[in-house]
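Heads up: the structure comes next, in C-alpha cells.
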Amino acid sequence: MQTVTNKAKKGKIGLKKDLVFYCLMLIWPVAQFCVFYIGVNFNSFFLAFRNITMDIESRSYVYTWSLDGIKKAWETVMSPEIIQATKMSVLAWILGTLIGLPLGLLFSHYIAKKMPASGFFRVILFLPSIISAIVVATLYMYFLNMAVPMLIKDTTGNTVLSLLDSSRPVGYQFGALFFYNTWVGFGVNVLMYANAMSGISPEMIEAANLDGATGFKEFWHISLPQVFPTLSVFIVTGIAGLFTNQFSLFTFYGSDAPFQTFGYYLYKETLAHSTDLPEFPKLAAFGLMMAVVAIPLTFAVRWGLEKLGPKED
Amino acid sequence: MRKFTKTLITGVLAVATSFTAVNCAGRAGSTDVPEENVDTSKTQLYVWNYNGGYGTDWLYKAKERFEELQKDVVYEDGTTGCQILVTGEKPGSPERSAADIRNSKFELYFTEGQDYYKLFLGDGNGDAIGDITEAVTTPNQFEKEGNATVMSKLTAQQQEYYTIGGKVYGIPHYQGNFGFIYNIDLFNQKNLYFAEGYESAAKDDDKFLGRERDKKSAGPDGIKGTYDDGLPVTYADFFTLLKYIKKHNITPVTWTGKYREQYINLTFNAAAADVDGAEQHKLKYDMSGTATTLGTLDADGNFVKDAAPTVINDKNAYELARQEGTYQAIQLFGGIFGSNANYDDLFARNSSDENTAAQLRFVRGQAAILMEGVWWEGESEQANNFAAVSKKREECNFGLMPMPKPEGHVGEKNTVVDVMDALCFTKAGLSAGKKKLACDFIKFVYSDPELVAFTKNTNALKAVNYVISEEDQRDLTTFGKILYKYVHDSDVVYEYSTNPLYYNNAYSLRGRAYYQGDVAGLDTSGSLAPHQYLLDMGKTGKSDLSAYFSGIAAHWQKGWDNLNKG
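Respectively, the protein sequence lines represent chains B and Z.
The numbers in the numbering used here rise by one with no breaks, and the one at position 112 of the first sequence is 117.
The numbers in the numbering used here rise by one with no breaks, and the one at position 476 of the second sequence is 1049.
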C-alpha cells in the first residue's frame, strides 16, 4: 500500500516537473509568437489607418487617424504597375502549381520506390536548399549573365544578351527565374513527399502489384491519395505565397527588376522605406488589402481540396 | 566502401553548410569594434566612419595629429589627453539608424546616405543624435589663420537645412557627384581631342587632333591652357566624339550594369541640373520660387519655353517636371543610348557587372569614358584595378569631363549636384567631457588645414567651402586636381530642403525620382525611369524622346495628390 502511495506521489511530482519543463520550453516561442506575429499584425492593422508626418520643430512624428493610407494603397493597387504584378504573381503561382508540384511528386515517387540513383537524386535535389541561397543565386546569375554570353561571343563572335537582360521581353526573364525557383524549391518538396510516400504500407503496394497495377496506377491510386494531406497543406499554404513570393526578383535584380510580383513589391518598398515612417501606413494598408483577398481565398481552396481531392480506395 | 561514401558525402555537405554559416557571419559580422588598445589614462572618443570609396585612412591620419595636438588637454577628471578610436570596417550599409546609434559604443559618426531630419527625429525611442551647435558656431581654435566658425564654411542652403530651432545636430561630411570621367592617357594616345578652330560642318575626322591639327581647342571654358582643352563643348560635339572613339575600336562609354539604375539616373539628374542652373534646379527641393525654365513641346518635338515665369509652390511644384533641363537631358541620354555602338551591350544591363568591373574596363582602356561617381578612384584602388595596367593610382591620368551643354547654353556656369548626403554627427547623451572632446575633434577636422589634408588623402572634396592652394593641388592625382577645379568653379546643389512637403516625401521627390515618366502605348507597365525608357527601349528603337518628356510631366501631375501633405 505504502509502495503504491509512493509511486503515486512520484508520479505527481514527475507530472509537475514535466509541466514546468514544458512551460519553460514554451515561454520563448509563445513570447516570440505574441510579439512577432500577433503584436506585429495588430500594429500593422492600426498603422493602415494612421497618417504620419514629421514635425521637425517639435522633434517628433505627428500621428493622426486617417484613411489616406487606404486611399493611397487602393490607387497603388489599381496602378498598371500592380496590375502587372498581379498577373505575374498569379502566373508564377499557377505555373509553380501545375509544373513544379507534379514534377516534385513524380521525383518523390521515383525516390520513394528506390529506383536507380534515387539516393543521388535526393542529395542533388536537396543541395540548393542546403547551400546559401545567395551562393546558388550568384552562381546561376553569373552562369546566365557572363558564362553563356561570353562563351557564345568567344566561339561565334556574336553578342547574345543574357536571358536576364532587361531589354529582352519579360517572358525571357520570367522563364529564367521560373526555372531557378522551381529548381531551388524542389528539394524541400521532394523531401516532404518522398518521406510521406515511404510511409505507405509495402503490403498495400504488393497487393496492388499482384492485382496488376502499373507504376502510374500505383502512383495515382495509392501514392497520391496517401500523400494528399501533405500535398494539400502545401497547396493551401501556397495561396499565401501568391501574395508574399518575391520570385527571387530582389536577389537577381535588387530594386530594379523588369517586372514585379506582390511579394517583391512589398519587400522592395518596405526596404526602401525602412526608416521612412510617413510611408508605413500606405504599405500597411497595401498588406491589409492583400490579406482581405488571401484569407477567403485560402479557406475556399482548403474547402475545395477537401471536397474534390482524391480519396483512398 | 559504403561507409566511406557516406562519410565523404556528409563531409561535403558539412562544408557546403559551413559556407552558408560563413556567409551569414560575414553579413552580421561588422561589429564595428575598434582594434586599438584602450589607454585608460586618456579620454576616449569612439569614431565610426563609413569605409567606402573614400576610405578611413584620412581619419587615422587626422586622429594622430589631433591626439598629438591635444595631448595635454584634460577632458575628463583623472585623464590627460585623448584617444580617438576609429572603426576600420566596412559595414553593409553606409548609414546608421537611430537604433544602431543608441545601441553602439561609437560617439562620433561620419556616415553617408543619411537623411539628417529622419535621424534627428529618430524612431520614437529616444533621441539618437546630439547637439553640436558649440562645435559649429564658436570660433575654431584649430584654424591656422583667423578663427572662422565651421558654420561659416557652409552655403546658405546648408546653413538653413542643418539649423533646427537655432541648434545644429549634424553637418555635411564629404561631397560626391556623378558625371562623365575620361581616360586622359587614352585620349592623348588616340588623339581624341577636338582640334583648335574645328568647324561643326567639317567631316568628323577633321575635327580632331591630327597631323595637320596639332593644337587642342579651348574646350568648354573657352580658355586655352586649362584642363578642359580639346574636350566637347556641346551635345553635338559629345556625340561626334563618341562616334570618333568607336572608330578606334574602343567602347565609347561604359557604366556598371548592376547599379545602372542609380548611376544612369543620377548622371541624368546631373545633366538636367547643369542646364537649368543651381537656382532653378533647387526649386525641385524647395518648391518655392519662380520657375523660368519651364516649357512645352511644339508639333516637331522642339522645346518651347513658357512665355511667362511660373510661381512655384507646394500645390503646383509638379510643373517642374517641364523644366528645360529634363528635356535636354533626355536628348543627351537618348543620343547616348540611341545607338548601341556607343556602349557594350554585354554589360550595359548586366546585373552581374559590378561597378569595379566597369571601372577596370575603363582603366584598361577598353572604354574611353566612364559614367560614374567621383569617388570611383578610391574604389578602384581598393579593388586593385590600377595594378591591371601596372601602375599606381597617382601615376594614372583621368579627368572629370565638364558636362556638355546643349546649344544656347554654351558658356554658362556649371552646376554640380551632391548626391552623397554624407553627415557628421555625435550620439545623444554624451557626458560633458566626451561632448567637449567630440566638439573639438569636429572643429579640428573641419579646420582649413585638415580639410585640405582630407582632399590630399582621398582626392575627394568635403561638402564645405575651402580653398586648396596651387602648391597643395600638386599632391593630388590628376583626377583629384580636375575634380577640385571643376567643383570649385561650379555651383553646387544639395538634394535637401526645409520644406515639409519635401522632407516628408523625400524618397518620392529625390532628383532621380523626378524623371519617372508615364508613356502610353508601351507593352510594359508603370512609370519608367531614364535607364528603363531610354536605355532599354532605346535599344529596341521604341523610345520616343518627346513622348517621354510629356510622360514625365503627366506622371507628376497625376501623382502629386498622393504625396504626404500632413
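The C-beta atom is built at its ideal place from N, Cα and C for all residues, glycine as well.
Counted as a single uninterrupted DSSP element, the alpha helix (DSSP H) harbouring L96 (chain B) occupies residues P85 to L100. For W631 (chain Z), the enclosing alpha helix (DSSP H) stretches over residues D630 to L642. Looking at the DSSP output, F781 (chain Z) sits in a beta bridge with Z:F767. Contact between V709 (chain Z) and T722 (chain Z) holds, since their C-beta atoms are separated by about 7 Å, short of 8 Å. Taking each of Z:D1117, Z:V989 and Z:S1081 in turn and checking the Cα distance to V1066 (chain Z), the smallest one comes out for Z:V989. Under the three-state reduction of DSSP output, K726 (chain Z) falls in the helix class. Closer than 8 Å to the CB of E834 (chain Z) there is at least one CB belonging to chain B. For the segment 885–946 of chain Z, the continuous beta strand (DSSP E) assignments of 3+ residues that do not extend past its boundaries occur at 940–946, in sequence order.
According to the DSSP assignment, C1012 (chain Z) belongs to the alpha helix (DSSP H) that extends over A1005 to V1018. Cα atoms of G309 (chain B) and G268 (chain B): separation of roughly 25 Å, rounded to the nearest angstrom. F257 (chain B) belongs to the set of residues whose beta carbon lies under 8 Å from a beta carbon in chain Z. Residues of chain Z whose Cβ lies closer than 9 Å to the Cβ of L169 (chain B) are, in chain order, R922, N923, S924 and S925. With a cutoff of 8 Å on beta-carbon distance, L893 (chain Z) and I754 (chain Z) are scored as not near each other.
Chain order gives no chain B residues near K576 (chain Z), where near means a beta carbon separation below 9 Å; the closest approach is about 14 Å. In this structure, the straight-line span from the alpha carbon of K21 (chain B) to that of G651 (chain Z) is close to 57 Å.
If you look at L973 (chain Z), you'll find it in the beta strand (DSSP E) that goes F971 to M974.
With the rule of 3 Cβ pairs closer than 8 Å, the segment 135–154 of chain B counts as touching the segment 919–938 of chain Z.
If you draw a straight line from the Cα of K797 (chain Z) to the Cα of A846 (chain Z), it comes to about 26 Å. Under DSSP, F753 (chain Z) takes part in a beta bridge, and its partners are Z:M944 and Z:M974. Chain order gives no chain Z residues near T266 (chain B), where near means a beta carbon separation below 8 Å; the closest approach is about 13 Å. The beta carbon of S670 (chain Z) sits closer than 8 Å to some beta carbon of chain B. A843 (chain Z) has its alpha-carbon roughly 21 Å from the corresponding atom of T869 (chain Z). Taking a C-beta distance under 8 Å as the contact criterion, S1081 (chain Z) and L1136 (chain Z) qualify as a contact pair.
It is roughly 33 Å from the alpha-carbon of W79 (chain B) to the alpha-carbon of A902 (chain Z). Residues of chain B with a Cβ closer than 7 Å to the Cβ of D1109 (chain Z) are, in chain order, S171 and S172.
Proximity to N676 (chain Z) across Z:W828, Z:T653, Z:G898 and Z:G1002 peaks at Z:G1002, based on C-alpha coordinates.
At the C-beta level, D73 (chain B) and Y66 (chain B) stay beyond 8 Å of one another. Contacts between M120 (chain B) and chain Z, judged by CB atoms closer than 9 Å, are missing: the closest CB pair is about 19 Å apart. Contact between the segment 28–38 of chain B and the segment 271–289 of chain B is not established, with fewer than three Cβ pairs separated by less than 8 Å. With a threshold of 8 Å between beta carbons, K273 (chain B) makes no contact with chain Z. A distance of 8 Å or more separates the beta carbons of Q687 (chain Z) and E707 (chain Z). Between F760 (chain Z) and G946 (chain Z) the beta-carbon gap is near 21 Å, outside 8 Å, which marks them as no contact. Within the DSSP secondary-structure output, M59 (chain B) pairs in a beta bridge with B:Y66. The bridge partners DSSP lists for Q656 (chain Z) are Z:Q617. At a cut-off of 8 Å, the C-beta of N186 (chain B) has no neighbouring C-beta in chain Z. Under the criterion of beta carbons closer than 8 Å, I702 (chain Z) and L692 (chain Z) qualify as touching, at roughly 6 Å.
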